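Undergrad: In the working numbering, the protein residues as written are 6 to 267. Dumping the structure here so I can ask a few things about it.
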């Protein structure tokens, strides 16, 4: 059974029509197990090299002669801290907000070191009445309020959320991306339901800060609300902070099961 984390709500407010909330991990050991089991499994799901290796093994058991191909499969490099932060955010939203991300965006990489453009989170939200969820994730252990990744770089969370909120053509591209993957699968009905909601302006846009070994501060997120320029309507915009007891530099060791002290 997959372990879940307990969170303590540290702050909650509304600013410029955006819902803001910050959560603190209730237990360092729970958080450790979350990384060791849940986050590591999520990273493994997006490992195309391992998928290929397992497929080749299955083919060989059916009598396929693949020569030296299996031995030529190169192990994927270890996930970077920001990739781990994105995986952490996906699981936290799955656990707490009924978010669903059926296809790892990492599968779209064409080279091993590629960094994909576009939103980090693309999927569905709400089991009973599915709607699209599009979002961005930033990870930081910087001793600064807000961290630079939130409001001080060209690709900061504020700017990325502004683009998600105010560029419908970008969202159309994301809807098309989901259609290609969901059509003809068990997800098609949910996609069609989300499309109906989307036609009425109902979708969920979410910005996530995964913050390692930093004190929870509401202005990490409220300082950027006005800059996102969200107007009230059917769509919802949330900014969520998840504050955990491990520094960002330690996340790789946690995922690959090395000893880390909170």
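For glycine and all other residues, C-beta sits at the position ideal for the given N, C-alpha and C. Fair warning: this is a prediction, and the values are worked out from it, not measured in the lab.
#1: When you compare only the Cα positions, how much space is there between residue 191 and residue 93?
#2: Excluding the 5 residues flanking residue 42 on each side, which residues of the same chain have their C-beta closer than 8 Å to its C-beta?
#3: Let me confirm a value: residue 189 is counted as buried when at least 16 other C-beta atoms fall within 10 Å, else exposed. Which label applies?
#4: Just the Cα atoms here: how many angstroms apart are residue 23 and residue 244?
#5: Report all residues from its chain with a CB closer than 8 Å to the CB of residue 196; omit the five preceding and five following residues, and keep chain order.
#6: Give me, in chain order, the residues of the same chain whose beta-carbon lies closer than 7 Å to that of residue 260; leave out the 5 immediate sequence neighbours on both sides.
#7: Under the three-state reduction of DSSP, which class applies to residue 229: helix, strand or coil?
#8: Hey, residue 138 and residue 213 are a contact pair by Cβ (cut 8 Å); roughly how many whole angstroms apart?
#9: What residues in its chain sit with their C-beta under 6 Å from that of residue 256, if we drop five residues either side in the sequence?
#10: Locate the alpha helix (DSSP H) running through residue 202, then write down its first and last residues.
#11: Would you decide whether residue 5 is buried or exposed? Buried here means 16 or more other CB atoms lie within 10 Å of its CB.
#12: Could you round the C-beta distance between residue 225 and residue 173 to whole angstroms and report it? I think they count as a contact, below 8 Å.
#13: CA-CA distance, residue 237 and residue 209?
#14: So what's residue 251 in DSSP terms, helix, strand or just coil?
#15: With distance defined between alpha-carbon atoms, name the residue in 66, 240, 218 nearest to residue 202.
#16: Residue 13 bridges to which residues according to DSSP?
TA: So, from the data block:
#1: 25 Å
#2: 7, 8
#3: exposed
#4: 7 Å
#5: 129, 135, 183, 184, 187, 188
#6: 40, 44, 45, 48, 84, 89
#7: coil
#8: About 11 Å separates the two Cβ atoms, so there is no contact after all.
#9: 86, 89
#10: 193-204
#11: Nothing about residue 5 can be reported from this structure: the residues present for the chain run from 6 to 267 only.
#12: Between residue 173 and residue 225 the Cβ distance is about 28 Å, and since that is not below 8 Å, they are no contact.
#13: 13 Å
#14: coil
#15: 240
#16: 29
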